[in-house]
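Peer 1: If you read the sequences in order, they're chains S and V.
Note that the working numbering numbers the first sequence so that position 159 is 159, with each residue one more than the last.
Note that the working numbering numbers the second sequence so that position 3 is 3, with each residue one more than the last.
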Amino acid sequence: MKLLNLIKLSLRALTRNKLRALLTMLGIIIGVAAVITMMSIGKGSQQSIESSLSNMGSNLLTIVPYNNVAGGARVQGSSVQSLTIEDVNALAQQSTHLSAISPIAQSSGQVIKGSLNWPTTIQGVAPDILDIRKLSLKDGTMFGDDEVRSSAKVCLLGQTVIDNVFEPGENPVGQTIRFNKIPFEVIGVLNPKGQNTFGQDQDDIVIAPYTTVQNRISASQYFQNIVASAKSEAESDPASEEISGILRQTHRLRRDQDNDFTVRTQADLINTLNATSNMLTTLLTVIAGISLLIGGIGIMNIMYVSVTERTKEIGLRMSIGARGIDILMQFLIEAVVISVSGGIIGVVVGISASLIVAHTLGWPTLISEASIVISFFVCALTGVFFGYYPAQKASMLDPIEALRYE
Amino acid sequence: MSKKILEMHDLKRDFIVGSETVHALKGVSFDVEEGEFMTIMGSSGSGKTTMLNILGCLDKPSGGSYILDGTDVKNLNRDELARFRNHKIGFVFQSYNLLARTTALENVELPLLYNSAVSSSERRERAMHALDSVKLADRYGHMPNQLSGGQQQRVAIARALVNEPVMILADEATGNLDTRTSYEIMSLMQELNTKQKKTIVFVTHEPDIAAFSSRTVTLRDGLLVKDVKNEHVKNAAEALASLPQTEDYHS
Chain S
1 MKLLNLIKLS
11 LRALTRNKLR
21 ALLTMLGIII
31 GVAAVITMMS
41 IGKGSQQSIE
51 SSLSNMGSNL
61 LTIVPYNNVA
71 GGARVQGSSV
81 QSLTIEDVNA
91 LAQQSTHLSA
101 ISPIAQSSGQ
111 VIKGSLNWPT
121 TIQGVAPDIL
131 DIRKLSLKDG
141 TMFGDDEVRS
151 SAKVCLLGQT
161 VIDNVFEPGE
171 NPVGQTIRFN
181 KIPFEVIGVL
191 NPKGQNTFGQ
201 DQDDIVIAPY
211 TTVQNRISAS
221 QYFQNIVASA
231 KSEAESDPAS
241 EEISGILRQT
251 HRLRRDQDND
261 FTVRTQADLI
271 NTLNATSNML
281 TTLLTVIAGI
291 SLLIGGIGIM
301 NIMYVSVTER
311 TKEIGLRMSI
321 GARGIDILMQ
331 FLIEAVVISV
341 SGGIIGVVVG
351 ISASLIVAHT
361 LGWPTLISEA
371 SIVISFFVCA
381 LTGVFFGYYP
391 AQKASMLDPI
401 EALRYE
Chain V
1 MSKKILEMHD
11 LKRDFIVGSE
21 TVHALKGVSF
31 DVEEGEFMTI
41 MGSSGSGKTT
51 MLNILGCLDK
61 PSGGSYILDG
71 TDVKNLNRDE
81 LARFRNHKIG
91 FVFQSYNLLA
101 RTTALENVEL
111 PLLYNSAVSS
121 SERRERAMHA
131 LDSVKLADRY
141 GHMPNQLSGG
151 QQQRVAIARA
161 LVNEPVMILA
171 DEATGNLDTR
181 TSYEIMSLMQ
191 ELNTKQKKTI
201 VFVTHEPDIA
211 AFSSRTVTLR
221 DGLLVKDVKN
231 EHVKNAAEAL
241 ASLPQTEDYH
251 S
C-alpha cells in the first residue's frame, strides 16, 4: 500500500479513538515539552552568562592576589597585599599583548548628599577603565592622568547611586557629594549596565582616581586587583602568560616559588560557568528523556491492544491481498503517527511553557531549533522502536486464524 | 471446451494435533472451468473449511497439486500468496467482514489499495462500477451499520468483484441471511455468473442454495463423494418472486 494511504488510514484509526490516542500521546507530549523547556532554560541561561561576560569585555584579564603561604592560616585572596603600582607600571611598559590596564583600589563606605545617603563601593581606577570594563558616559567627562597624579577629589557615579542620593530630575554633574566625610566633585555619570550574571548591580558604583582612593580613603599602597584588556580575544592567553612572567619578575619570585597572584581570562570564567550549566542541562534532558521512554512504552502497550482488537480486520486485509509488510507498515505508521503527533503537540506545549517561564519568572530562555529537530526525530524513532514489535506481531498472524478470531 | 480455472489433483491436507495426525483432506481431485457456478457441500467435519482455505490460497496442501489459473500454489511463498489472492480471488464471507465506520465505497476500494498498479482515480472509478453492478451505487457513502444484512453482503460481493478476479469464492455467504435476502444474493450471484461470465465457487451446507448452481461437489470425511452437474438450475429471481410478499420489507 502506498505511504500516503497508510498515513490516511492511521489518522482515521486514531480519530476513531480520540481520547485513547490523546492519552497515549500524553507521555510523549510531556516528554517532548519537558525536553524543549529544559533545553530552552539551559540555553537561555548559558547565553545570558556569555553575553553578560562578553559585555564585561571578552578580552578582559583580571589579576588578583593569591595567597601561597604554605602552612599556617590561609587568608582570603582579596586581603592578600601583593599588587602595587610598580606592577601596573611594569605591565604597562613591558607587555606587548595588552591594550589597556587599570589598577583597582576598592573601599566601601557611605555616599552622602544633603539629607540622603547610600552605602556603596568606591573604586579607585585609572582612566583606561572605561575601555576595559566597556563603560560609557551618560553625561560629563572622565578624569585624566592629571587628576590621577594630583589625587583629585573627583568621581563618576553609577545610576543606582544617583537614584538614591539625588532628587529625581536633578543633574548630578558639577555637584558635590561626600564619601566617608571626604567631599568629591561629581564630574560624570555612567550609563546603566544593569545586573551582571551573578545578580550584582553593576550600577551601584562610584569611580574615582586610584590615587585618590589609596591616599585619601583606604590609606593603602596595595590594590585589590588589576584589570587589563588584551589587544584581541585571541591574545587573551598569550597576554595571560606574559603578565605572569612580568609579575614574577617584579615580585622577585624564585624559580621554585609559586605565583602569589592569579591571572584570570574571561574565557576561563565562561568555561567554568558553562560547565555548570551544561551539566544541569544534561541532567534535565536525561530526566526528560526518561519520560519519553515511558511515553514510548505507553505506545507499545496501546499498539498491542490495537492489534488484538483488530485481529479480524488484519485477517480480512490479508485474505484480500495484504502482505505481511503491508500490515507491518500499517501498524508501524500508526505508532509513528501517534508519537509524531504527540511530538508536535509537545513542541507547541514546550515552546509555550518556555515563553511562560520567560514571561512570568523572568528567566532567560532560548528555544533552539536543534532541540525541536532532535526531539522530533527522537519521537519518530520512539514510534518506530516501540511500534515495531506489535506491528511485527500483527504481520505474522495467520490469516485463517485471524479471520476466525472473535 | 472452455479454459480450466482450477485443477485439483489428489489434494491432501494433514494437520498435526499433538502427537496425532489428522487427515482433513485425503485426496480430492476436481477441475473447475471458466464460467462455472459450482457449490461445494458437506456437513461439518467433511473437510469443507480446509478445502475452502486451500481454494482461497490461505493455506497450502500437504500433498497433491492445486493449480489456479495456471499457477501451482505450492510454489508460492507467503507474500506471493497474498499477491495471488489479491489478483485471482474475490472472497465473500458469511459475516460480511466489512470494515466498521468505513464507507461502502472505501470498503470496496480496499483490495485495490493493495494493488499498487491501480491509481487512486482508477480505484474510485472501479469501486463505483463494482457497487453499481450490485445495485448499491446510490449507497456508496453509507457506513456498514447504516446498511441491512443483505446490503452489507452486496457491498462485500462488490469488494470481491473489484479486482476482477478469476474466481469468486463464497463461504456460506447466505448463512447469516433470511430466505428472501438469501435468494436476492443468489439471484445476484446468478446474474454475475450468466451476464458477466464470472466463475463462482460457493461453499454451503444448504441444499436449496446448491440448487441455484450448475454443479455440486459433495465432500464427506475428507473425500469427494459426489460431483453432479445440475440439469435443472433453479432461477433465483423466479424463486424470489414466488415467495409470499411481506409488507414490512422493501429492498
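For glycine and all other residues, C-beta sits at the position ideal for the given N, C-alpha and C.
Remember, predicted model here, so these are calculated numbers, not experimental data.
Step through the CB atoms of chain V and report whether any lies within less than 7 Å of the CB of S/ASN5.
Peer 2: Along the first sequence, read from residue 1 onward, the residue named residue 5 of chain S stands at position 5. Taking Cβ atoms only, chain V reaches closer than 7 Å to S/ASN5, which makes this a yes.
Peer 1: With respect to the alpha helix (DSSP H) encompassing V/LYS195, which residues constitute its N-terminal and C-terminal limits?
Peer 2: If you number the second sequence from 1, residue 195 of chain V lands on position 195. Residues 179 to 195.
Peer 1: Sort out for me which residues DSSP pairs V/PHE202 with in a bridge.
Peer 2: For the purposes of this step, residue 202 of chain V is identified with residue 202 of the second sequence, where counting begins at 1. DSSP output for V/PHE202 lists V/THR39 and V/ALA170 as bridge partner(s).
Peer 1: I'd like the list of long-range same chain contacts for V/ASN53, defined as Cβ closer than 8 Å, with 5 residues on each side in sequence excluded.
Peer 2: Numbered from its first residue, the second sequence carries residue 53 of chain V at position 53. Once the five neighbours on either side are set aside, the close Cβ partners of V/ASN53 are ASP59.
Peer 1: Just checking: is the beta-carbon of S/ARG404 within a distance shorter than 7 Å of some beta-carbon in chain V?
Peer 2: Locating residue 404 of chain S in the first sequence gives position 404, where the first residue counts as 1. Taking Cβ atoms only, chain V never reaches closer than 7 Å to S/ARG404, which makes this a no.
Peer 1: In chain S, what lies closer than 7 Å to V/ALA82 by C-beta?
Peer 2: Locating residue 82 of chain V in the second sequence gives position 82, where the first residue counts as 1. Neighbours of V/ALA82 on chain S, chain order: MET318, GLY321, ALA322 and ARG323.
Peer 1: With 7 Å set as the bound, which would you pick, yes or no: does the beta-carbon of S/ILE41 sit closer than that to a beta-carbon of chain V?
Peer 2: Numbered from 1 along the first sequence, position 41 holds the residue referred to as residue 41 of chain S. No, no contact with chain V.
Peer 1: Can you name the residues of chain V whose CB is closer than 8 Å to the CB of S/ILE400?
Peer 2: By 1-based counting over the first sequence, the position of residue 400 of chain S is 400. The contacting residues are ASN53, LEU58 and ASP59.
Peer 1: Report the rounded CA-to-CA distance for S/VAL206 versus S/ILE226, giving the unit in angstroms.
Peer 2: Taking the first residue of the first sequence as position 1, residue 206 of chain S is located at position 206. Taking the first residue of the first sequence as position 1, residue 226 of chain S is located at position 226. If you take the alpha carbons of S/VAL206 and S/ILE226, they lie about 17 Å apart.
Peer 1: Is it buried or exposed, S/ILE287, if we count other Cβ atoms within 10 angstroms and call 16 or more buried?
Peer 2: For the purposes of this step, residue 287 of chain S is taken as residue 287 along the first sequence, with counting starting at 1. Counting Cβ neighbours within 10 Å, S/ILE287 comes out exposed, since fewer than 16 surround it.
Peer 1: Going by C-alpha distance, which of S/ASN215, S/VAL263 and S/THR250 is nearest S/ALA228?
Peer 2: Locating residue 228 of chain S in the first sequence gives position 228, where the first residue counts as 1. The shortest C-alpha separation from S/ALA228 is found at S/VAL263.
Peer 1: Look up S/TRP118 in the DSSP assignment and give the residues it is bridged to.
Peer 2: Sequence index remark: in the first sequence, residue 118 of chain S carries index 118 (1-based). For S/TRP118, which the question treats as bridged, DSSP gives the partners S/VAL111.
Peer 1: Does the CB of V/ASP79 have a neighbour CB from chain B at under 7 Å?
Peer 2: Of the protein chains in this structure, namely S and V, none is chain B.
Peer 1: Assign S/VAL125 to one of three DSSP states: helix, strand, or coil.
Peer 2: By one-based count along the first sequence, residue 125 of chain S stands at place 125. If DSSP states are grouped into helix, strand and coil, S/VAL125 belongs with the strands.
Peer 1: Suppose you measure from the CA of V/ASP69 to the CA of V/ASN115; what does that come to, to the nearest Å?
Peer 2: Residue mapping note: residue 69 of chain V aligns to position 69 of the second sequence, counting from 1. Residue mapping note: residue 115 of chain V aligns to position 115 of the second sequence, counting from 1. Answer to the nearest angstrom: the Cα atoms are 18 Å apart.
Peer 1: How many angstroms separate the CA atom of S/ILE29 from the CA atom of V/ILE89?
Peer 2: By 1-based counting over the first sequence, the position of residue 29 of chain S is 29. By 1-based counting over the second sequence, the position of residue 89 of chain V is 89. Spanning the two alpha carbons is a distance of roughly 45 Å.
Peer 1: Can you name the residues of chain V whose CB is closer than 8 Å to the CB of S/GLU313?
Peer 2: Along the first sequence, one-based indexing puts residue 313 of chain S at 313. LEU99, listed in chain order.
Peer 1: Any beta-carbon of chain S closer than 7 Å to the one on V/LEU113?
Peer 2: Indexing the second sequence from 1 puts residue 113 of chain V at position 113. Chain S contact via Cβ: present.
Peer 1: Assuming V/ILE5 and V/VAL217 form a contact by the criterion Cβ under 8 Å, report the distance between their Cβ atoms to the nearest whole angstrom.
Peer 2: For the purposes of this step, residue 5 of chain V is identified with residue 5 of the second sequence, where counting begins at 1. For the purposes of this step, residue 217 of chain V is identified with residue 217 of the second sequence, where counting begins at 1. The Cβ separation is near 14 Å, so there is no contact.
Peer 1: Determine, using beta-carbon pairs with one atom in the region 147 to 162 of chain V and one in the region 103 to 111 of chain V, whether at least three such pairs fall under 8 Å.
Peer 2: Touching, per the Cβ criterion.
Peer 1: Over what stretch of residues does the alpha helix (DSSP H) that includes V/SER133 continue unbroken?
Peer 2: Against the second sequence, residue 133 of chain V aligns to sequence position 133. Unbroken alpha helix (DSSP H) run through V/SER133: 120 to 133.
Peer 1: What did DSSP end up calling S/ALA335 once you bin it into helix, strand or coil?
Peer 2: Working through the first sequence from its first residue, we reach residue 335 of chain S at position 335. DSSP places S/ALA335 in helix when its eight states are reduced to three.
Peer 1: When the Cα of S/PRO119 is compared with those of S/ASN164, S/LEU91, S/GLN94 and S/ILE85, which residue comes out closest?
Peer 2: Taking the first residue of the first sequence as position 1, residue 119 of chain S is located at position 119. The shortest C-alpha separation from S/PRO119 is found at S/ASN164.
Peer 1: Taking the alpha carbon of S/LEU130 as the point to measure from, which residue in S/VAL161, S/THR96 and S/ALA208 has its own alpha carbon closest?
Peer 2: Position 130 of the first sequence holds residue 130 of chain S. Checked all of S/VAL161, S/THR96 and S/ALA208; the closest Cα to S/LEU130 is S/ALA208.
Peer 1: By how many angstroms is the C-alpha of S/ALA230 removed from the C-alpha of S/VAL35?
Peer 2: Counting from one through the first sequence, the residue named residue 35 of chain S turns up at place 35. Counting from one through the first sequence, the residue named residue 230 of chain S turns up at place 230. Cα to Cα, the separation comes out at about 39 Å.
Peer 1: Cβ of S/GLY31 within 7 Å of Cβ of S/SER291?
Peer 2: Locating residue 31 of chain S in the first sequence gives position 31, where the first residue counts as 1. Locating residue 291 of chain S in the first sequence gives position 291, where the first residue counts as 1. Contact: yes.
Peer 1: Three or more beta-carbon pairs under 8 Å between the region 76 to 92 of chain V and the region 127 to 144 of chain V, yes or no?
Peer 2: No, the region 76 to 92 of chain V does not touch the region 127 to 144 of chain V.
Peer 1: Mind the definition here: the region 378 to 391 of chain S touches the region 322 to 341 of chain S only if three or more C-beta pairs lie below 8 Å; say whether that holds.
Peer 2: The region 378 to 391 of chain S vs the region 322 to 341 of chain S: in contact.
Peer 1: Please decide whether V/ARG85 counts as near chain S, where near means a Cβ-Cβ distance under 7 Å.
Peer 2: The count along the second sequence starts at 1 and reaches residue 85 of chain V at position 85. Yes, contact with chain S.
Peer 1: In angstroms with no decimal places, state the Cα-to-Cα distance between V/SER43 and V/MET8.
Peer 2: Position 43 of the second sequence, counted from the start, is the residue given in the question as residue 43 of chain V. Position 8 of the second sequence, counted from the start, is the residue given in the question as residue 8 of chain V. When rounded, the distance between both Cα atoms is 21 Å.
Peer 1: Using a Cβ-Cβ distance cut-off of 7 Å, determine whether V/PHE91 contacts chain S.
Peer 2: In the second sequence, the residue the question calls residue 91 of chain V occupies position 91. It does; some Cβ of chain S falls within 7 Å.
Peer 1: Near S/GLY77, which residues of its chain fall below 7 Å by C-beta distance, leaving aside the five closest residues on each side in sequence?
Peer 2: As a working note, residue 77 of chain S is residue 77 in the first sequence. Because the pLDDT at S/GLY77 is just 49, under 50, the model does not fix this residue reliably, and the point stays unresolved.
Peer 1: Under three-state DSSP, which class holds S/ASP131?
Peer 2: Along the first sequence, one-based indexing puts residue 131 of chain S at 131. S/ASP131: helix per DSSP, three-state reduction.
Peer 1: Near S/SER371, which residues of its chain fall below 6 Å by C-beta distance, leaving aside the five closest residues on each side in sequence?
Peer 2: For the purposes of this step, residue 371 of chain S is taken as the residue at position 371 of the first sequence. Excluding residues within five positions, the ones whose Cβ falls inside 6 Å are ILE36 and MET39.
Peer 1: Is S/ARG255 helix, strand or coil when you go by DSSP?
Peer 2: On the first sequence, residue 255 of chain S is found 255 positions in, with the first residue counted as 1. The answer is coil: DSSP assigns S/ARG255 none of H, G, I, E or B.
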